[in-house]
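The structure appears right after this line, and notes come after that.
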Amino acid sequence: MTEKSVEIEPKMDEKLFKPVGEAVEEIDEDTAQVKLTGASDAMGHPVQEIESLCMNCHENGVTRLLLTSIPYFRDVVIMSFECSHCGFKNSEIQSASEIQEKGCRYLLKIENAEDFNRQVIKSETASCKFIELDIEIPAKRGQLTTVEGLLSEMIEDLESDQETRKTVDESLYEKIQQFIGKVKDCMACKAGTLPINFVLDDPAGNSWIEYKPEEPQHKWSHSEYLRTDDQNVQVGIITRDQLEQRRREKLQELSNRERNPSESVKVGSENPEFLSDATDIENFNNEVQTFRGTCPSCMRECETHMKPVNIPHFKEVIIMSTRCDSCGYKSNEVKTGGAIPEKGRRITLLCDDPADLSRDILKSESCSLTIPELSVEIQQGTLGGRFTTLEGLLRQVYDELHSRVFSQTSDSMDEETKKRWLSFFGKMKDALDGKISFTVIMEDPLAGSYIQNVYAPDPDPNMKIEDYERTKQQNEDYGLTDIMVDQQ
Numbered sequence: 001m002t003e004k005s006v007e008i009e010p011k012m013d014e015k016l017f018k019p020v021g022e023a024v025e026e027i028d029e030d031t032a033q034v035k036l037t038g039a040s041d042a043m044g045h046p047v048q049e050i051e052s053l054c055m056n057c058h059e060n061g062v063t064r065l066l067l068t069s070i071p072y073f074r075d076v077v078i079m080s081f082e083c084s085h086c087g088f089k090n091s092e093i094q095s096a097s098e099i100q101e102k103g104c105r106y107l108l109k110i111e112n113a114e115d116f117n118r119q120v121i122k123s124e125t126a127s128c129k130f131i132e133l134d135i136e137i138p139a140k141r142g143q144l145t146t147v148e149g150l151l152s153e154m155i156e157d158l159e160s161d162q163e164t165r166k167t168v169d170e171s172l173y174e175k176i177q178q179f180i181g182k183v184k185d186c187m188a189c190k191a192g193t194l195p196i197n198f199v200l201d202d203p204a205g206n207s208w209i210e211y212k213p214e215e216p217q218h219k220w221s222h223s224e225y226l227r228t229d230d231q232n233v234q235v236g237i238i239t240r241d242q243l244e245q246r247r248r249e250k251l252q253e254l255s256n257r258e259r260n261p262s263e264s265v266k267v268g269s270e271n272p273e274f275l276s277d278a279t280d281i282e283n284f285n286n287e288v289q290t291f292r293g294t295c296p297s298c299m300r301e302c303e304t305h306m307k308p309v310n311i312p313h314f315k316e317v318i319i320m321s322t323r324c325d326s327c328g329y330k331s332n333e334v335k336t337g338g339a340i341p342e343k344g345r346r347i348t349l350l351c352d353d354p355a356d357l358s359r360d361i362l363k364s365e366s367c368s369l370t371i372p373e374l375s376v377e378i379q380q381g382t383l384g385g386r387f388t389t390l391e392g393l394l395r396q397v398y399d400e401l402h403s404r405v406f407s408q409t410s411d412s413m414d415e416e417t418k419k420r421w422l423s424f425f426g427k428m429k430d431a432l433d434g435k436i437s438f439t440v441i442m443e444d445p446l447a448g449s450y451i452q453n454v455y456a457p458d459p460d461p462n463m464k465i466e467d468y469e470r471t472k473q474q475n476e477d478y479g480l481t482d483i484m485v486d487q488q
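Residue numbers are given in full-length UniProt numbering: position 382 of the sequence shown equals residue 382, and the series is strictly consecutive.
Here it is, written out as structure tokens:
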């Protein structure tokens, strides 16, 4: 019995598991069904089509695919399906790149009819908000559309059920009809309806709103942020069960610390021990401290290095560096210490000498930086917290725009756009070489940014420092409105 069973098993395996070579041949035969339509985009990427199952009538329809590159963004896959049997149609867009290290948030101020025609990449994980209209479009299928297209699709969905609502609840029907009229008036740019703010938030970092060079700073902004645990579940980096397990482990760790408060907590085993606040840390200000934490990208254990640095005539800051050996995630940032000042701060520096490029500069995450002469605008959250020199910051802006935007999209640009970009890079190069004067304006609502005063402790004749009152919205954004500071 045993010998027979041993002889039979290999035959069964041959039927169940085919050799790799045969499987590859079958895949090659299947790919022969993919046909070229003869159409292509402006960059020559071909449109392909393949027979697909219709989920409406279960007959075969046709799916068309286009892998293309969107200027100032990244590669995407555009798909459209059509069934000739039942007439069902569907289209969507998917990112052809990996989930980004950080989530992204775009803000567009819609001030005229042209702004409704801006292209929008909305991935399946992104949500949209029209703040003044009190509209939020939740995350669903990916789309390549316009701002007007998002609103038009929402109106069509509401109008499709209006007749049913009218017979069931006429009061609700009237309210929705008024809302639809309000949105249509806004799309028609009637007096008093504009401007409105459009916010696109994507935890996966794969969404985008069209950007136009040399437009005002208030018009368009882009910022990045670290995902929360729930957002990592949303984009599929970890599962809900893994998140719950991680939370249980944290609660257990906190419980153990509460039961044994006198014991020092060692974080990391291979590196020098970093003790908790329960004990004194020798040479804390002179040594780089290393502790183990959780990678925000893959949720595995990684090392973070940090060192406090005292900036003369400013305050103490903490320089942090994180690197994950598992997924390659890297992060370098600067955190300011101390209490949040009562007022924001605006620093204006006139750079009229090449030596000014060597000034130390601290740009916090909450700081925006503008150089009008160079048409440079760095929004809050962009580049994160940085402690470098003015030359280092400008060179980073130059390199990232040249390598990530211009080099990848210059072939698809028209001559006028390419000419503006070349003019921009020419001015940046002249500024880095010290050939032209320019003005640096740093505005930080949390007053956590700094430019070195080379004349300290005397005032700098080329530097102007202004303190200003934060707006109610800024206090709300930074969570300062609800902070309780009164002692009970």
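Using N, Cα and C, we set each Cβ at its ideal position, and we do this for glycine too.
Report buried or exposed for residue i, applying the criterion of at least 16 other Cβ atoms within 10 angstroms of its Cβ.
i	result
E29	Confidence is the limiting factor: at E29 the pLDDT is only 46, short of 50, which leaves the residue's position unreliable and the question unanswerable from this model.
R240	exposed
I50	exposed
residue 495	Residue 495 lies beyond the residue range present for the chain, which begins at 1 and ends at 488; the question has no answer from this structure.
C54	buried
Y455	exposed
E210	buried
T279	At T279 the pLDDT is 37, less than 50, meaning the model places this residue with poor confidence; the figure from the coordinates comes in the next sentence. With fewer than 16 Cβ atoms within 10 Å of its Cβ, T279 is classed as exposed.
S40	exposed
G381	buried
residue 489	Outside the shown range of the chain (1 to 488) lies residue 489, about which nothing can therefore be said.
R470	buried
A447	buried
N453	buried
K472	exposed
P457	exposed
D356	buried
P461	exposed
K102	buried
A23	Summary for A23: the model assigns pLDDT 45, below 50, so the residue's position carries little reliability; its value from the coordinates is reported in the next sentence. Per the 10 Å Cβ criterion, exposed.
Could you check which residue in the options has the C-alpha nearest to that of residue i?
i	options	result
S123	D161, V168, D75, S160	D75
C189	R345, E210, F116	F116
M154	I176, E163, E170, S171	I176
V397	E415, T417, F424	F424
N112	E148, M43, I99, I340	E148
R300	E244, C327, R247, M320	C327
I121	G142, L158, K102, R345	G142
P213	S364, E114, T417, E132	T417
I451	G236, E391, D230	E391
I131	C186, T336, D230	C186
G293	L422, R246, P308	R246
Y106	Q178, Q379, S69, G192	Q379
R345	D477, T290, P138, S449	S449
E342	D467, K419, D460, P296	D467
N56	L65, E476, N90	N90
P445	S437, I347, K140	I347
In whole angstroms, what separates the C-alpha of residue i from that of residue j?
i	j	result
F198	E443	23 Å
S52	T370	51 Å
S375	T389	19 Å
H305	K330	12 Å
H58	H218	50 Å
S221	G434	29 Å
P312	C351	21 Å
residue 540	N60	As shown, the chain starts at 1 and ends at 488. That puts residue 540 outside it, with no answer to give.
G479	S366	13 Å
L67	R118	21 Å
S358	E303	31 Å
F387	I361	6 Å
K35	F81	15 Å
I340	R227	24 Å
M43	S152	29 Å
K184	P195	14 Å
C104	T125	11 Å
Y225	K166	44 Å
D230	R323	22 Å
K315	G338	8 Å
E244	E333	29 Å
L200	E476	19 Å
Q487	F291	Here the model assigns Q487 a pLDDT of 48, short of 50, so the residue's position is not dependable and the matter cannot be decided.
Can you tell me the Cβ-Cβ gap for residue i and residue j, rounded? I've got them flagged as a contact below 8 Å.
i	j	result
P203	Q234	6 Å
N206	Q100	6 Å
I78	L144	6 Å
G385	S403	In fact, because the Cβ distance is near 22 Å, the residues do not count as touching under 8 Å.
P372	T439	6 Å
V47	T37	5 Å
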